[in-house]
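**Q** In this text, residue positions in the sequence shown follow my numbering: the first is 24, and each later residue adds one. Even for Gly, the Cβ is constructed at its ideal location relative to N, Cα and C. Here it is, the structure in full.
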Amino acid sequence: MTKGKEEHAFRAELSQLLDLITHSLYKHPEVFLRELVSNASDALNRLRFRKLTDKNIIDPEADLEIRIETDEDKDTFSIEDTGIGMTKSQLIEDIGTVANSGTLKKLKEIRAQDKEIDADIIGRFGVGFYATFMVTDQVIIETRSAEPGAKAWRWISDGKSGYTIEESDREKRGTKISFKLDEDYEEFSNDARVKNVIKKYSNFVDFPIYINGNRENTIQALWRKKEKNISEEDLNEFYKFVTMDYQDPLGHLHLDLEGVVNFKALLFVPSQAPYDLFQDIQNKKGLHLYANRVFIQDDAGNELLPEYLRFISGVVDTKDLPLNISRETTQHSPAMSKIKNILAKKILGMLEDWAKNDPGKYEKFFKNFGPLFKTGINTDFSNKDRIMNLLRYESTHTDKGVYTSLQDYVERMDDEQDEIYYITGDNREVVEKNPNLEYFIDNGIEVLYFIHPVDALISSSLDEYEDKEFKSIEKADIDFDRTKKEKKSDQEELSGKPLESLIDVFKETLGNRVEDVKASKRLVSSPATLVVGKDGMDPQVERMMKMMNQQGNLNQKKILEINPSHPIIRNLNRLNIGNSTDETLRKTILQLYESTLLLDGNLDDPAEFVKRMNELMTKATE
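What follows is the structure, encoded as structure tokens:
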């Protein structure tokens, strides 16, 4: 030991622990900088807190700041803060002693089992500083405690055998950490590289960060300010910084909650949906997670938002969230679940406020994000009723592009109507031509248009709303008598035995192509339509499943309904009276059936359909 210099051996097999830390627990060497900035911020926070009650410290008026200096020619790096500093004993206890041998043993066991490091272990020691040894072979700490009359000390270590401590001539309060970068990590002496890391991880640290004399963290951590003190301009600038979007957000939600779980959040709804709204949802970035203003991850939506709200961007900042030892991935914890549940409820509350007080904003939201939002019906059962109140649909009573709520639909219903009617299809133009709509339009009964693929997928979860059951008008089991409305028609209606006889010929001709043939109460101007049996699959779901099934064996038998008052059906009745085996009668029946398949999107042999149509037209024009 040289004069004035004390040599200390690391305790608790630190060399092994350091090897574990630097080679196993951190995936990216850049996190050393995040950890050093975080430690500097902690030291500044401790000093700021002390100054609230005790001004008797060294340099009480000195600015609270962090300064980083790099030298690309010499490959050196240093970070200095004006925080609380350390005494000699604190250097020995806080830096020289990191853990005990039992902790090391536990870490080795966990690593051997390919498990994540338990968050509770982190509380026993701070390993962030030692991430520095990933990028250098020797670290120098110069520090002076804020205590009046405190001496300054220099701590030097290679992170292997031990460390030395000696007095330093440092005059300023605070701590400076400096080192020469290893050859493989000389990139961190580059000014631009360091700026990128600071922007990524530490941009919202509560103290100025200077890199080679220039202030870098200029964007404020708005989520920590009172909402009344934040301007719209500040919000828009912050949103664009976090999301890299060039447009202003549609709206925002500011949260500052204390209780079962403590966290702050500033959330945004983008003004436009991305083109890949439904693609690769698990890897979406947008919701940033911070722990006391230190960046953790930018894809926290996977853990903190239900899937149907993953369009939300912004920041969540909490001290209650356990992290693994490298702070790179969050661990499953009760705090995570609580934050997730609270966020979902608060976001729904914001949307409910828009729907009530700013319908134009809500309609814009729903047009952009409604398809994804609707999927919450299938997944978020605790909030299902709230989501249903927020659903919007076009209908037979709205103009194109104009939505109605379920509440408004129910309020417009006649007292006799017990069901909420809907029809599925590819778009409004398609469903408006569906023969199954004719009775409802003719009698002024409103039908909702389920014209997005998601609508077909969630329809089975839409059981009832305000005691009104949802009913597809393409199902056979609609009770038309319950509506107490007469089907309007100027044509004479076929009935009795002639109708029964014709239906028998339909059944004989079509055979097992259909489940049944019945007289229709829903048709007004069309001769025939296909409907689904009581337990059958929604036609839109069937089409989607068929598209995904190369064998195409998902066709379900349906019920053919014929319109007894349509001229074609009455003409077929005359042919049937003359000769029930008449070729034109049978071909027309097949043609009627396949025309309904064509409208239904399930005609498998259009060539045969056209051939038969030409034969019938030839016969008609002879």
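#1: Can you tell me whether DSSP reads Glu-417 as helix, strand or coil?
#2: Thinking C-alpha only, which one of Asp-343, Arg-609 and Thr-641 is nearest Phe-286?
#3: Check for me: the beta strand (DSSP E) holding Gln-430 runs from which residue to which?
#4: Please return the same chain residues whose Cβ sits closer than 8 Å to the Cβ of Ile-80, not counting the five positions on each side in sequence.
#5: Taking only three categories from DSSP, how would you classify Gln-243?
#6: Enumerate, from N- to C-terminal direction, the unbroken alpha helix (DSSP H) stretches of 4 or more residues contained entirely within the region 431-511.
#7: Mapping DSSP to helix, strand and coil, what is Arg-597?
#8: Taking Thr-155 as the reference, which of Ala-85, Arg-57, Leu-533 and Leu-67 has the closest Cα?
#9: Nearest CA to the CA of Glu-29: which residue from Asn-62, Glu-88 and Leu-114?
#10: Taking the alpha carbon of Asp-436 as the point to measure from, which residue in Leu-460, Tyr-445 and Glu-469 has its own alpha carbon closest?
#11: CB Arg-451 to CB Tyr-472, shorter than 8 Å?
#12: Determine the extent of the beta strand (DSSP E) in which Ile-234 is found, giving its start and end residues.
#13: If distances are taken between C-alpha atoms only, which option among Phe-100, Thr-607, Phe-211 and Ile-118 comes closest to Gly-151?
#14: Could you give the distance in angstroms between the alpha-carbon of Thr-607 and the alpha-carbon of Leu-639?
#15: According to DSSP, is Arg-147 helix, strand or coil?
#16: Measuring only the C-alpha atoms, how far is Met-411 from Asn-637?
#17: For the beta strand (DSSP E) holding Ala-385, just list the boundary residues, first then last.
#18: Have a look at Asp-143 and Pro-357 and give me their C-alpha separation to the nearest angstrom.
#19: Just the Cα atoms here: how many angstroms apart are Asn-625 and Glu-487?
#20: Let's test the definition: count the other Cβ atoms within 10 Å of the Cβ of Leu-621 and tell me whether it reaches 16, buried, or not, exposed.
#21: Where does Glu-30 sit, in a helix, a strand or coil, going by DSSP?
#22: Assuming contact is defined by CB atoms lying nearer than 8 Å, are Val-292 and Ile-362 in contact in what I supplied?
#23: Only counting the same chain, and skipping five residues up and downstream in sequence, which positions put a Cβ closer than 7 Å to that of Pro-550?
#24: Under 8 Å: do the region 474-482 and the region 440-451 share three or more Cβ pairs, one atom per stretch?
#25: By DSSP's criteria, His-275 is part of a beta bridge. Which residues make up the other side?
#26: Name the residue from Pro-394, Phe-392, Gly-185 and Thr-398 whose alpha carbon lies nearest to the alpha carbon of Ser-483.
#27: Can you list, in chain order, the residues of its chain with a C-beta nearer than 6 Å to that of Leu-533? Leave out the 5 residues immediately preceding and following it.
#28: Pull the bridge partners of Glu-584 from the DSSP assignment, please.
#29: Count the other CB atoms within 10 Å of the CB of Asp-104; is the residue buried (16 or more) or exposed (fewer)?
#30: Would you check if the region 202-215 and the region 178-186 touch, i.e. whether three or more CB-CB distances between them fall below 8 Å?
#31: Helix, strand or coil for Ser-212 per DSSP?
#32: Kindly indicate which three-state DSSP category Ser-225 falls into: helix, strand or coil?
#33: Measure the C-alpha to C-alpha separation of Ile-232 and Leu-67 and round it to an integer number of angstroms.
#34: Determine the contact status of Tyr-208 and Val-162, defining contact as a CB-CB distance below 8 Å.
#35: For Lys-557 and Phe-503, which I take to be in contact (beta-carbon distance under 8 Å), what is that distance rounded to the nearest angstrom?
#36: Taking contact to mean at least 3 C-beta pairs separated by less than 8 Å, is the region 373-384 in contact with the region 313-320?
**A** With the given structure in hand:
#1: strand
#2: Asp-343
#3: From DSSP, Gln-430 is part of no beta strand (DSSP E) but of the alpha helix (DSSP H) over 429-435.
#4: Leu-70, Arg-73, Lys-74, Ala-169, Glu-170, Pro-171 and Arg-196
#5: Under the three-state reduction of DSSP output, Gln-243 falls in the coil class, being neither helix nor strand.
#6: 451-454, 461-465 and 476-481
#7: helix
#8: Arg-57
#9: Leu-114
#10: With the sequence shown as reference, residue 436 is identified as Met, and Asp is not the correct amino acid for it. If we check each option's Cα against that of Met-436, Glu-469 comes out closest.
#11: yes
#12: 232-234
#13: Ile-118
#14: 7 Å
#15: Low confidence applies here, because Arg-147 scores a pLDDT of 36, under 50, leaving its location unreliable; read the following figure in that light. Arg-147: coil per DSSP, three-state reduction.
#16: 49 Å
#17: Per the sequence presented here, residue 385 reads as Tyr, with Ala not at that position. Where Tyr-385 is concerned, there is no enclosing beta strand (DSSP E), although the alpha helix (DSSP H) it sits in stretches over 382-397.
#18: Any answer about Asp-143 is weak, because its pLDDT of 35 lies below 50 and its placement is not dependable; what the coordinates show is given next. If you take the alpha carbons of Asp-143 and Pro-357, they lie about 14 Å apart.
#19: The alpha-carbon of Asn-625 is positioned some 30 Å away from that of Glu-487.
#20: exposed
#21: Strand.
#22: In this structure, Ile-362 does not lie closer than 8 Å to Val-292 by Cβ.
#23: Ile-585, Asn-586, His-589, Ile-591, Ile-592 and Leu-615
#24: yes
#25: Phe-291
#26: Thr-398
#27: Tyr-616
#28: Lys-541 and Thr-552
#29: buried
#30: As far as the Cβ criterion goes, the region 178-186 does not touch the region 202-215, which means the pair count is below three.
#31: helix
#32: Under the three-state reduction of DSSP output, Ser-225 falls in the coil class, being neither helix nor strand.
#33: 12 Å
#34: no
#35: Wrong, their Cβ atoms sit about 15 Å apart, outside the cutoff.
#36: No contact exists between the region 373-384 and the region 313-320.
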